[in-house]
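Single-structure report; data block below.
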Amino acid sequence: SQTIHQWPATLVQPVGSPLSLECTVEGTSNPNLYWYRQAAGRGLQLLFYSVGIGQISSEVPQNLSASRPQDRQFILSSKKLLLSDSGFYLCAWSTRRTGELFFGEGSRLTVL
Amino acid sequence: GQQVMQIPQYQHVQEGEDFTTYCNSSTTLSNIQWYKQRPGGHPVFLIQLVKSGEVKKQKRLTFQFGEAKKNSSLHITATQTTDVGTYFCAVSSSNTGKLIFGQGTTLQVKP
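Residue numbers (my numbering), protein chains in the order written: chain A, 1266 to 1377; chain B, -17 to 93.
Written as structure tokens, this is what we have:
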């Protein structure tokens, strides 16, 4: 069966520090991969999605970037965090372009 | 780009009362998905609707896709405290297939 792992689960970072969130999927090949952000009490904002290795589409201009170095690995990064980067970051995968999404457990980031 | 409006934003009900959340789009949708997110958790897929006028049921949950495929609803009959959470609809971009979420409806159930 397919599983998705996302880490770290929680982190507190100072403003200006770097960020790296990692997500891996097991049990499937060539998944579509997504990074969403959810501010407290708000909806899900699509940040990046990828249909293959090295193929990243950015939805919102910001100080975040994403990379897909391997088929089932998706990384969200920042060189310098802003206060506004605080939120709940969710990685997700799907097998078809319009298929259901399977979410990871999420990473809760607080920037102080 | 593709957008979907979801209402209401919040709903407080007494246990046993019914609950409905609505999603509306200005454009015709190819399909619509519904997700539930428990407090502190991650969204979990509930269902996908594809056909015009489609109605699907999951126990006390009834999902409906409008005839024009521009709106959808999720109705919960006789809510229970386990129904607490935020319910999202999600639609696919016609060009890319990426999934865009509505703002969600947060349901609170008073025991």
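Beta carbons: idealized from backbone N, C-alpha and C, even for Gly.
In terms of beta-carbon proximity, A/Phe1313 stays away from the interface with chain B, with every pair separated by 7 Å or more. Straight through space, the alpha carbons of B/Phe27 and B/Lys18 are spaced by roughly 7 Å.
The bridge partners DSSP lists for A/Val1277 are A/Thr1375. Following the DSSP letters along the chain, one finds A/Gln1338 inside the beta strand (DSSP E) bounded by residues Gln1338 to Ser1343.
Around the beta carbon of A/Pro1283, fewer than 16 other beta carbons lie within 10 angstroms, which makes this residue exposed. Taking the C-beta atoms as reference points, A/Leu1286 is found no nearer than 7 Å to A/Leu1329. For A/Glu1287, no CB of chain B lies under 7 Å from its own CB, so it is not counted at the interface with that chain.
At the C-beta level, A/Val1376 and A/Asp1350 come within 7 Å of one another. If you draw a straight line from the Cα of B/Ser75 to the Cα of B/Asn13, it is about 10 Å long.
Boundaries for A/Leu1348: no beta strand (DSSP E) harbours it, and the DSSP string shows neither H nor E there. According to the DSSP secondary-structure assignment, A/Arg1302 is paired through a beta bridge with A/Gln1310 and A/Tyr1354.
If you draw a 10 Å sphere on the C-beta of B/Lys92, you find fewer than 16 other C-beta atoms in it, and that means exposed. Around the beta carbon of B/Gln(-4), a 10 Å sphere encloses fewer than 16 other beta carbons of the protein chains shown; the residue is thus reported as exposed.
Contact with chain B is absent for A/Phe1339, since none of that chain's Cβ atoms lies less than 7 Å from the residue's Cβ. Put simply, the backbone Cα of A/Ser1323 is about 13 Å away from that of A/Arg1333.
Counting along the chain, B/His24 sits inside no beta strand (DSSP E), nor does DSSP assign it H or E at all. Of all alpha-carbon atoms in A/Gln1320, A/Leu1374, A/Ala1304 and A/Phe1353, the one lying nearest the alpha-carbon of A/Gln1338 is that of A/Gln1320. Residues of chain B with a Cβ closer than 7 Å to the Cβ of A/Leu1366 are, in chain order, Phe27 and Leu81.
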